[in-house]
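Numbering (the numbering used here), first residue to last: 12 to 735.
Okay, here's the thing in structure tokens:
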């Protein structure tokens with residue numbers, strides 16, 4: 012595929028401008044909805060302070076909408092007003108039963124305060140605005156007078172790193188409107204159904220599935236009024252920000268240094284996820300029944316035969332690039348993975364301190380893992396068991412704490428798996444996919460049968476093991492042993508059990524164990540786990556030596572090192588965003604000009620007054636807005652020589668691909684005749700245009716032309732016919 016085929020530079024500026032504008036709106040609304048609002052609704056006693064308070068309130072609001080919205084839609088009572096009513100009722104519930112206050116007195120006090128504030132403002136609003144400006148000016152000049160340059164440059168560094176990493180990981184969100192993956196269509200479909208108060212629609216494409224991501228996007232759609240064509244491309248920015256923020260928070264609490272956390276975050280985003288250099292860590296995989304066998308201290312470990320590299324494309328599959336593709340696509344499994352480190356952090360803190368606030372957040376993160384994609388819970392199993400065993404050995408796990416923990420897990424499992432009810436309507440899913448391959452075999456799904464026929468029961472899917480992997484394992488074990496003799500032994504040693512535990516999950520088939528997670532999905536968890544090892548390495552071999560040698564200025568020197576690392580990331584480190592093989596995902600499912608022109612159609616017409624003639628990829632985007640006819644059906648069903656085009660809408664828009672798209676989604680064979688169909692469509696338009704005067708070009712790019720047919724004459728004909 013040539014570069015022009017997947018980047019249409021003629022419309023690129025329009026797309027960037029559109030996405031950037033709405034991304035800013037989305038970020039502002041997300042701040043108000045996920046931070047400002049929950050701080051005024053939910054009790055803040057157990058929310059913590061600083062960064063932890065931010066994380067807690069995001070978790071509170073996420074869980075609230077993921078539990079409340081599906082129930083309201085299921086009962087067919089959801090609309091903006093009932094949703095606001097539920098929020099108000101929730102606030103009053105906390106006032107009455109948590110704060111133990113009299114509701115009548117609270118409402119009276121609230122009314123009086125609102126009236127006083129409004130009267131004071133309107134009576135003297137000019138003076139209030141003037142005083143506000145003067146106060147802010149005084150604060151600003153006082154800040155400049157007492158400025159701490161170290162703190163200033165550290166805060167700037169935080170901003171620079173987050174902006175840089177969002178650009179690296181979410182670049183696609185700004186330059187495209189096309190579906191990044193074929194899976195995105197089912198989420199479009201589900202959001203359209205939710206908007207009609209339908210939770211489980213008949214003939215739903217994906218059948219039984221997790222509704223977490225669809226509910227989240229639906230709420231974002233309702234509170235921002237951003238059209239889903241744009242929203243589905245920019246909402247992954249929120250996922251990426253939450254992922255980065257979670258990593259920063261956990262590493263900061265583990266390393267007890269914000270600078271170490273920033274450096275680890277930069278390495279994680281720029282190298283582990285965002286760079287093709289990560290291929291050395293998440294190495295290529297293969298499926299074979301004749302692996303090499305390595306003897307390691309009496310253990311037999313499977314490895315990829317060296318001969319497989321002679322025909323790389325035939326025998327091996329790269330998995331290192333999968334995480335960035337799925338993160339910038341905003342997939343459900345990646346929402347679960349964003350909770351991985353947070354969940355294990357809260358588990359460790361809950362056991363170490365016994366505090367309720369950590370147990371609550373552990374429950375909420377586990378619940379969200381189940382809600383977004385239950386496959387994410389599989390990645391948590393082994394590390395969680397290791398941490399529990401470590402707690403027993405350190406005499407940290409009391410019976411009371413164990414009982415509370417089990418109750419928390421049961422609550423999370425019950426409330427987090429409401430999607431299971433859809434099995435009664437749609438049946439067991441046809442496949443659980445790469446996120447939970449052992450469930451396919453357990454339930455004997457269609458996917459399991461296909462894999463068995465294709466590969467055989469003796470085949471194993473294994474990763475390539477290199478000396479680097481052995482080094483990482485030995486270093487992690489060394490850090491774990493060191494943590495056992497360090498202060499707060501349980502706390503720090505438990506963090507090292509996160510990478511050790513996930514190594515077992517990721518390399519399960521290399522160790523001769525059942526496949527728990529396919530490496531293509533496990534790669535992102537592997538990278539997340541390695542942030543713990545990276546933080547230990549930096550702490551022991553960079554931070555502490557600098558502290559011992561430089562004492563007073565070691566933080567300044569370390570700050571300079573992080574700045575230099577940022578510059579290296581910007582100018583030297585290769586990133587996936589610059590590779591054509593990744594940029595192909597910009598137009599891998601459809602040309603970006605198609606959804607851009609479709610967006611213009613939506614904005615130019617009233618709902619359900621227009622029909623689109625295009626391919627199936629556009630169907631989900633049209634749902635709830637207008638009508639659609641598939642290209643092939645249109646050509647065979649409608650006669651271009653007829654007096655009227657018998658489609659009962661005022662406007663008909665025909666999408667013609669001047670360069671037929673090389674579809675790279677599922678079921679590619681179905682589109683092998685796309686070029687022929689497009690030629691037939693062009694002929695249909697040429698014949699129709701020769702006998703009718705109502706055809707104009709609505710929009711055009713170098714790849715796509717959209718023809719508009721003014722079908723008002725047919726609508727008038729129908730009206731006359733009905734009047735007779």
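Ideal placement from N, C-alpha and C gives every residue a C-beta, glycine not left out.
- When DSSP states are grouped into helix, strand and coil, residue 520 belongs to the coil group.
- Following the DSSP letters along the chain, one finds residue 265 inside the alpha helix (DSSP H) bounded by residues 247–266.
- Residue 605 sits close to residue 189, with the two beta carbons spaced by under 9 Å.
- The Cβ neighbour count for residue 56, taken over all protein chains shown within 10 Å, is under 16; the residue is labelled exposed.
- Using a C-beta cut-off of 8 Å, the stretch 648–655 makes no contact with the stretch 215–228, since fewer than three inter-stretch Cβ pairs fall below that distance.
- A direct Cα-Cα distance of roughly 13 Å separates residue 117 from residue 109.
- In this structure the stretch 662–672 lies against the stretch 704–724, because at least three pairs of beta carbons, one per stretch, are closer than 8 Å.
- When the alpha-carbon of residue 631 is set against those of 693, 658, 165, 239, the nearest one is in 239.
- Below 8 Å, enough C-beta pairs join the stretch 323–332 and the stretch 295–306 to call them touching: three or more.
- For residue 42, no beta strand (DSSP E) run applies; the uninterrupted alpha helix (DSSP H) run containing it begins and ends at 20–42, by DSSP.
- A direct Cα-Cα distance of roughly 21 Å separates residue 534 from residue 470.
- Remark: C-beta atoms of residue 387 and residue 344 approach each other more closely than 9 Å.
- Residue burial annotation: residue 32 is exposed, with fewer than 16 other C-beta atoms found within 10 angstroms of its C-beta.
- Counted as a single uninterrupted DSSP element, the stretch harbouring residue 119 is not any beta strand (DSSP E) but the alpha helix (DSSP H) occupying residues 114–134.
- Closest by C-alpha distance to residue 405, out of 123, 635, 505, 624, is 505.
- Comparing alpha carbon positions, the residue from 263, 51, 229, 734 closest to residue 84 is 229.
- Within the stretch 633–668, the runs of alpha helix (DSSP H) at least 4 residues long that lie entirely inside it are, in chain order, 642–648.
- In the three-state reduction of the DSSP assignment, residue 684 falls in the coil class.
- Beta-carbon to beta-carbon, residue 620 and residue 660 are separated by about 6 Å, close enough to satisfy the 8 Å threshold.
- Spanning the alpha carbons of residue 37 and residue 323 requires a straight line of approximately 43 Å.
- Rounded to whole angstroms, residue 252 and residue 136 show a C-alpha spacing of 38 Å.
- One thing to note: residue 597 has its Cβ no nearer than 9 Å to the Cβ of residue 622.
- Residue 54 and residue 155 have their C-alpha atoms spaced approximately 36 Å apart.
- DSSP places residue 306 within a strand segment (E or B) once states are collapsed to three.
- Taking a cut-off of 8 Å for Cβ pairs, the stretch 231–250 and the stretch 507–527 do not touch, as fewer than three such pairs fall below it.
- Counting only the Cα atoms, residue 353 lies some 20 Å from residue 528.
- For residue 708, the secondary structure class from DSSP, reduced to helix, strand or coil, is strand.
- Apart from sequence neighbours up to five positions away, the residues of its chain that approach residue 536 with a beta-carbon distance below 8 Å are 348, 351, 390, 513, 516, 517, 528, ordered along the chain.
- Looking at the backbone, the Cα of residue 559 and that of residue 268 are separated by about 16 Å.
- Counting only runs of 3+ residues, the beta strand (DSSP E) found wholly inside the stretch 306–344 occupies 310–314, in chain order.
- Straight-line measurement puts the Cα of residue 572 at about 28 Å from the Cα of residue 334.
- Counting along the chain, the unbroken beta strand (DSSP E) around residue 718 starts and ends at 715–721.
- By the neighbour-count definition (other C-beta atoms within 10 Å, threshold 16), residue 615 is an exposed residue.
- Pairing residue 709 with residue 187, the inter-Cα distance amounts to about 20 Å.
- Secondary structure of residue 298 (DSSP, three-state): strand.
- Under the three-state reduction of DSSP, residue 93 is assigned to helix.
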